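According to UniProt numbering, the residues represented by the sequence shown are 1 to 111, in order.
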Amino acid sequence: MKNLVILIGRIASQPETRRAGETEITGFTLVTDRPKLVDGKTVKNEAGYTETLAEFHRITAFNGLGASVARHKQKGDLVEVQGRLHYSKWTDKEGIERYAVEIVAEEVLFL
1 MKNLVILIGR IASQPETRRA GETEITGFTL VTDRPKLVDG KTVKNEAGYT
51 ETLAEFHRIT AFNGLGASVA RHKQKGDLVE VQGRLHYSKW TDKEGIERYA
101 VEIVAEEVLF L
């Protein structure tokens, strides 16, 4: 069994770093595109190019990896992220159960 995610896209928000005890946690949003499909077929625009839909992914990188991303990358930069899916569940202040999914980065390649 394997939990592996590989995404190539542009950084959609400036990476932000915070601390939790001894751990540095850097988060950013990565945007990727996928072809727009209607009835199983790709949609083309008037110029003949395939239309795409943007998808936004929350990325979390820890310690040295996160520090490197925060120091060298900014909004709009192209990167490849390799990591794993992580699901979270919690109860908010109003007692409502909340869920989130993120990609925990194990490698970020600067393209």
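Note that CB positions come from ideal geometry on N, CA and C, so glycine has one too. Since this is a predicted model, take the numbers as computed values, not measurements.
May I ask which residues mark the beginning and end of the beta strand (DSSP E) holding Val69? Premise fails: Val69 lies in the alpha helix (DSSP H), Asn63 to His72, not in any beta strand (DSSP E).
Can you tell me whether Leu30 is buried or exposed? The criterion is at least 16 other CB atoms within 10 Å of its CB, across all chains shown. Using a 10 angstroms sphere on the CB of Leu30, the tally of other CB atoms reaches 16 or more, which defines it as buried.
Same chain, Cβ closer than 8 Å to Lys44, five either side skipped, listed in chain order: Excluding positions up to five away in sequence, the list reads Thr50 and Glu51.
Can you give me the Cβ contacts of Gly83 inside the same chain, cut-off strictly under 6 Å, excluding the 5 residues immediately before and after it? So the qualifying residues of the chain are Val5, Ile103, Val104, Ala105 and Glu106.
In terms of residue numbering, what span does the beta strand (DSSP E) encompassing Ile11 cover? Run containing Ile11: Val5 to Ile11, per the beta strand (DSSP E) assignment.
Under 8 Å by Cβ, that's how I've got Val108 and Val81 pegged, so tell me the actual separation to the nearest angstrom. Right, their Cβ atoms sit about 5 Å apart.
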